[in-house]
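Numbering (the working numbering), first residue to last: 8 to 177.
This is the structure:
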């Protein structure tokens, strides 16, 4: 699989280590930088990885910044990208299995290397449960004008009301 990688100055160390890990597993990597601790703007790298995945140039992407949050937001600005910022295995698995996440966002400052290795493995190995109850939901994540109109119509007809976190998730 071809994987796009990108990080800012707070994430380049993990990015480089992730690249080596992925290559050792037989994956091809495309590195969008950055390569040192010189301050840079994380949106540039999140967007570059998002573009590479959305265009089909790469099959998946991994982005790293200090917290994982900013670079995930940047990647998600690209139409067709479903970037998940995760820090533990269950969310990582669900991001693939239920949301078909195609970009993984990680934190170099908040997540230990052993956990990062585990998250990357889960992200690469977990399939999307296509054809099931999640496919139509994932399709709604690409909100263009038609999708927005349908979502508004669903709300107007009462199809979405009183959203509550299930007790099993608390």
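Heads up, the beta-carbon is just placed ideally off N, CA and C, and yes, glycines get one too.
- In the three-state DSSP reduction, residue 40 falls in the coil class, being neither helix nor strand.
- Less than 8 Å divides the Cβ of residue 75 from the Cβ of residue 113.
- Runs of beta strand (DSSP E) with 3 or more residues, each lying fully within the region 109-149, are found at 110-114, listed in chain order.
- Around the beta carbon of residue 97, fewer than 16 other beta carbons lie within 10 angstroms, which makes this residue exposed.
- Its Cα nearest to that of residue 48, the residue 82 stands out among 29, 89, 82.
- DSSP places residue 60 in the uninterrupted alpha helix (DSSP H) bounded by 49-61.
- With a 10 Å radius around the Cβ and a threshold of 16 neighbouring Cβ atoms, residue 42 comes out exposed.
- In this structure residue 45 is exposed. Its beta-carbon is surrounded by fewer than 16 other beta-carbon atoms within 10 angstroms.
- Nearest C-alpha to residue 131 among 107, 160, 144: 107.
- Distances from the alpha-carbon of residue 119 to those of 164, 71, 153 put 71 closest.
- For residue 25, the enclosing alpha helix (DSSP H) starts and ends at 19-31.
- Here residue 157 has no same chain residue with a Cβ atom under 6 Å from its own Cβ, once five neighbours each way along the sequence are excluded.
- Per the coordinates, the alpha-carbon of residue 20 lies some 8 Å from the alpha-carbon of residue 115.
- The straight-line gap separating the alpha-carbon atoms of residue 37 and residue 22 is approximately 11 Å.
- Annotation for residue 68: no alpha helix (DSSP H) segment contains it, though the beta strand (DSSP E) segment containing it runs 67-72.
- Straight-line spacing of the CA atoms in residue 93 and residue 128 works out to 13 Å.
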